[in-house]
Structures are given as structure tokens and as C-alpha cells.
Amino acid sequence: MKQSDKITALYCCLSRDDDQQGDSNSIVNQRAFLTKFAKEKGFRNLEYFVDDGYSGANFQRPDWQRMMAMVDEGKIGIVIAKDMSRIGRNYLEVGMYTEITFPQNNVRFIAVNSGVDSANQSDNEFAPFLNIINEFYVKDGSKKVRASLKLKGESGEHLTTIPPYGYVKDAENSEQWIVDDEAAQVVKRIFALCMDGNGPTQIARILKEEQVLTPSVYQDKQKRKVRCALPDNPYGWNDSTVSGILERMEYCGHTVNFKTHRQSYKIKKTIENPPDQWKIFRNTHEAIVDEETFERVQELRRNKRRPAKTGKSNLFSGVAYCADCGEKLYYCTTQNFEERQDHFVCSTSRKKGKDVCGTHFIRAMVLEKGVLKFLQILLWYISDCEDLFCEKLDAKRKEEFKKELAAKRRQLTQAQRRIEELDRLFKRIYEDNISGKINDSRFQKLSADYEKEQAELTEKMQLWEQEITKQEEEADSIEQFIRRAKKYPELTEPTPAVLHDLVNKVYVCAPDKSSGHRVQDVRISLACIGFLPESIITEMVNHAVKSRTA
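Here the sequence shown stands for residues 261 to 810, where the numbers follow our numbering.
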């Protein structure tokens, strides 16, 4: 193609940052300005390329990409922009285009107000400095935006512009979130399905089969902003979407800021911050999921139950543990097993041998029936003797709680005294080193030992303080467990939901064959309250026997 037949590209760009500068940089103004300039200079074959509302900090702009594709094809002979900042505000990339890409493709580049014309080499000497100044503008703007967002986030305001699925902005106050009832029902169902033992992949499949609209499609149909491209299948839920919903603390009614960050205004990739860097403001909007359910779901997800190679799984996988070594029990099954043949064995025994820990074999069916019977007796007892159950358990727990707290507080006091003593010892050896009583190498060894011991004690103190705080916060755990128990007045089978709500862990003991019969104890740690005292278990059993014979 002859140079005279090539296109003269008039490039116009308006970024969001330019909105504050009035109409001088408007697209209409730029078009008029460039058209007048081109006609005065006698340029022909004019074609406009316009990017309105795109950041100058990156070059992923539709018409810029279209124009550069035509440059590569040799269809464009001249590129004209109002000034260098219209091309972009990243000086390295702007320089690459203006000093390498355009010359290689025999394209003349003109930035009118910047006085740059590649046809006149002397006009281009100041261009690199203009690019650096333009980038500094973006960098400075980025710093101001970061400072503004930091101030906003630390004051408890929502940083996200689009509320999570299940919420909408209040029409009267855009800073406030209100519940979107239709979407909130789906969120509740997702949490309920997880409590029933379903993982994200299974939940996604269920929602897809029930033809529930995905969050992005639902938002789009409600005429709201959508963060991502719409899927081909409007019901095409995936496990990552479900996981994202299950992990959002916002559904408990809290505002959570600073969960992510970006390394630089040039890098758009979002990096997750560790939870200790989050800022959480509690009870800022109506909750969709109660906190107890949310915490239980997080616990379940930390202890995921993976199906066996056959695809079969058991509700006690991840719940059953060896009473001796404390490790999980493996769920063992094959395609050829009948249901009665599925069983659990100690993982330590399988990995390291029976001499390290016994097999602790127990059939899955036996375990399920045993736990079901225990829970039925427990629920009957709570239903008939709630006050007595609370009184006996509370008295037992208070006694244990008092002893544990006293022991931990003694440990704290002793540790604090030792830290103070180490401070005095350190001061003494420092003075001895200055006076020459001990040499430098001896001083360094002793001081290193003292500092190490102090650091270890400080770490232990923090741990003990956390344990004390946790115990004090769990004072109402009995009432919490009873609330859960009352949800199951007629328990006929140990479903995942029941197990997750009422049971923490199940410990399987080694079988005892001394009587000539195989006897195997199973100890059940209940959610919120742990192991029940033997006296209460005996009374529960006696109560059940009396209830049956009455």
C-alpha cells in the first residue's frame, strides 16, 4: 500500500481521571481539535479511534488495540493525538510505541499540543520527559486514591462498590446494604447444603440442576452492575463461586475491609491479605446467616471429607479419630463391598504399623448405630430434664473450669516473674561486662540465652491468655448446645447436618476381648461442651430405660 493511501488515525482518549478537568479534554473537543489540525495540514483518509472512560495507566483499551492491529497490518501511515497524555501515562510503554513500534512500521506520530512530530527529529527530544511527567500524574493520583481508601476503610465504610450477592445498596443511603430477599434465600440454601455435608462442587451441581441463576446473571437481570463477564449457561454455578459465598463473613452482618491489595498501580493483579490484616466492623448491616452457622461451616471446610477412590464417602470421615494416638481413622471401602463391610481403621496403624498403634477396626454401620443411639438418649434426656442436665453439667464444668483457670493463671504469674527476673539478670551481666567481671563472649552467650528464654515465655503467655479468654467466652456454651439439640425433637438417623451440629469428634477405642466377647468403647466429644461426665451418661441411660418401661 502506498504511503499516500494509508489511513491518518486521529486518536482520542478520555480517562476517568480527566472528568475533573472540565470539557477541555472531552471527546467532542478532541475530535474537533484533531479534525481541524488534520485538514489544515492536508492529511487525508481520516479515521477516528476513540476510547472513552479508560485509564491511561494501561493500554488494554478497545480502540487503541484496534488501531495498533491496523498499524501492524500496514494500513496506518500517521497517528495524531492532542497531546502525549492521550496516548498513555506509562512512560515505558508510551516510549515503546512512539520510539520503536511506530518507526518500525513507518508510522509518523504527532502529539499536537506537546510539540512532538516524529517527522522532525528535533521535536522529539523532550518527549521522554513528557512521558515521565504524565506517568507521575498517575502515580500521584494512585497515592491519593490509596490514602482515601485507607481512611474510608479504617472508618468502617464499605470499600467494595458492588455489594455481595444477597445484598443491595439502600436507595436512600448508598453506603448502607440491605438484604435482597430473593438472592438471600439462595445464600441461606448454600449454607444449609454445606451443613448437610455437601462440598462446593456438589452444591454447584445441585443449584445447576435446580436452575438457580448464577449471581452475575441474576445481578444483570436486576439491572445492576456486574463484575465479570456473563457465563454462557445462566445456571452454570461452579465450585469457586460457591466457596466464595461460604467464606464471606459479610453474610454475618459484618463489614470486612482490606482483604486484598495490589502491589502497584501498574499491576492489576489482586493479592489476598492474611486475615490478621483485615479490618472487621461488626453488625454494620442485617445478617443473612447467623454467626454460629457461619463458624460451623468454616470448621467443616477446614476438615473436608474426601470420598474414597470408589467415589463413596461416609459422614464420619474426618470426624472419627483413634482414641490412643489421636489421628484420624481411614474410611475403607471398595466397589465390591456390601454396606455392612465398609469400615474405619487407624491411619497410624496403616502408615506405621500395628506395633506403633493398633488397628482400631470398627464397621461404619456399627459406628453409625452406636452414635445414633447415644444422640437419641441424649436428646430425650435434654427434652425431659433440661434444667437438671444444665445444673449437673454446669456444676461439673464450673469445677473443671475453675481448676483450669487457676492452673493457667499460676502459669502466667510464674512466667511473668521469670521474665522480670531475666530482666534483672540481663542488667546485672551487662554491668559485669562493662566493669570487666565477665568477658564479651561470655556476656553474648548469657544474653542470648536470656533473650531466647524471654521470647519463649512471652509466646507461651500469649497462648495462655488466648486460652483463658476463649474459656471465658465459652461460658454460655451449654445453652448454645441445648439450642442446637432442640432443633431435632425426633432423631431417626445420623444425618450430616445433625452430626455437624451436635458432634465435634468421635474417638474409637481399641476393642477389649478379655470377656470372650468383642467390646469396643466409643467416646463422643459434643460440639460446644466436649465430653460428658460418666455420671451424666449413666443417668441418661437410666432415664431412657425408665421411659421405655413406663
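Heads up, the beta-carbon is just placed ideally off N, CA and C, and yes, glycines get one too.
Cα-Cα separation between residue i and residue j, rounded to whole angstroms
| i | j | result |
| --- | --- | --- |
| ASP781 | LEU589 | 15 Å |
| CYS650 | ASP492 | 55 Å |
| VAL766 | GLN704 | 51 Å |
| GLU799 | GLU646 | 13 Å |
| LYS611 | LEU575 | 23 Å |
| GLN290 | GLU353 | 22 Å |
| VAL763 | TYR495 | 35 Å |
| LYS429 | TRP437 | 5 Å |
| GLN674 | LEU706 | 21 Å |
| THR461 | GLU417 | 33 Å |
| MET328 | MET356 | 13 Å |
| PHE297 | SER374 | 14 Å |
| GLU333 | ASN380 | 25 Å |
| ASP312 | MET261 | 31 Å |
| GLN726 | ARG669 | 12 Å |
| THR295 | GLY302 | 11 Å |
| GLU326 | THR594 | For the sequence presented, residue 326 should be read as Arg rather than Glu. Cα to Cα, the separation comes out at about 58 Å. |
| SER795 | SER643 | 18 Å |
| GLY696 | LYS687 | 14 Å |
| SER284 | SER378 | In this predicted model, SER284 has a pLDDT of only 48, less than 50, meaning its place in the structure is not dependable enough to derive any value. |
| GLN445 | ALA452 | 10 Å |
Residue i vs residue j beta-carbon contact at 8 Å
| i | j | result |
| --- | --- | --- |
| LEU506 | ILE450 | yes |
| VAL516 | GLU510 | yes |
| LEU287 | LYS448 | Residue 287 is actually Ile in this sequence, not Leu. No. |
| MET344 | ILE267 | no |
| TRP640 | ALA804 | yes |
| ILE820 | LEU653 | Past the edges of the chain, shown from 261 to 810, lies residue 820, and the structure says nothing about it. |
| ARG778 | CYS769 | no |
| VAL477 | LEU490 | yes |
| GLU587 | THR608 | yes |
| TYR308 | CYS273 | no |
| TYR427 | VAL439 | yes |
| THR718 | ILE679 | yes |
| ALA757 | ASP456 | yes |
| CYS592 | CYS617 | no |
Residue i: first and last residue of the uninterrupted alpha helix (DSSP H) it sits in
| i | result |
| --- | --- |
| PHE634 | 624-644 |
| LEU490 | Run containing LEU490: none; DSSP gives neither H nor E here. |
| PHE303 | From DSSP, PHE303 is part of no alpha helix (DSSP H); its letter is neither H nor E. |
| CYS592 | Careful: CYS592 lies outside any alpha helix (DSSP H), inside the beta strand (DSSP E) at 589-592. |
| TRP324 | 322-332 |
| LEU762 | 756-762 |
| PHE451 | 441-455 |
| LEU467 | 460-469 |
| SER737 | 737-745 |
| LYS611 | 607-612 |
| PHE554 | 551-562 |
| VAL339 | Note, VAL339: premise wrong, no alpha helix (DSSP H); beta strand (DSSP E) at 336-341. |
| VAL472 | Segment: none, VAL472 is in no alpha helix (DSSP H) and carries neither H nor E. |
| VAL779 | No alpha helix (DSSP H) holds VAL779; DSSP gives it neither H nor E. |
Where the beta strand (DSSP E) through residue i begins and ends
| i | result |
| --- | --- |
| LEU270 | 267-274 |
| LYS519 | Segment: none, LYS519 is in no beta strand (DSSP E) and carries neither H nor E. |
| LYS481 | Not the beta strand (DSSP E): LYS481 falls in the alpha helix (DSSP H), residues 475-481. |
| LEU219 | The requested residue 219 is not part of the displayed model; the chain covers only 261 to 810. |
| VAL428 | 427-429 |
| ARG368 | 368-371 |
| ILE540 | 539-541 |
Candidates the options, of which the one nearest residue i by Cα
| i | options | result |
| --- | --- | --- |
| ILE347 | VAL758, GLN537 and VAL376 | VAL376 |
| ASN366 | ALA666, LYS335, PHE297 and LYS342 | LYS335 |
| LEU560 | GLY578, LYS806 and SER701 | GLY578 |
| PHE741 | PRO423, ALA770, GLN674 and ARG556 | ARG556 |
| ASN458 | ILE796, GLU680, THR755 and GLU691 | THR755 |
| ALA292 | ALA341, SER264, ARG321 and GLY337 | ALA341 |
| GLY337 | THR295, LEU270 and ALA317 | LEU270 |
| ASP602 | MET625, CYS617 and LYS687 | MET625 |
| ARG254 | CYS512, GLU552, ASN693 and MET721 | For residue 254 there is no data in the structure shown, the boundaries of the chain being 261 and 810. |
| ASN305 | GLN263, ALA317 and GLN320 | GLN263 |
| ASN543 | SER775, GLN558, GLY513 and ARG465 | GLY513 |
| THR752 | LYS629, HIS545 and LYS687 | LYS629 |
| CYS606 | ARG623, GLU599, PHE597 and THR594 | ARG623 |
| ALA443 | ALA464, ALA452, PRO475 and GLU470 | PRO475 |
| LYS806 | PHE686, ASP441, ILE637 and ASP700 | ILE637 |
| LEU627 | ILE679, VAL801, CYS617 and CYS582 | CYS582 |
| PHE554 | CYS454, LEU759 and PHE604 | CYS454 |
| ARG562 | HIS760, ASN318, ARG321 and VAL310 | HIS760 |
| LEU672 | GLU470, SER774, GLN482 and TRP724 | TRP724 |
| ASN350 | LEU648, GLU546 and GLY316 | GLY316 |
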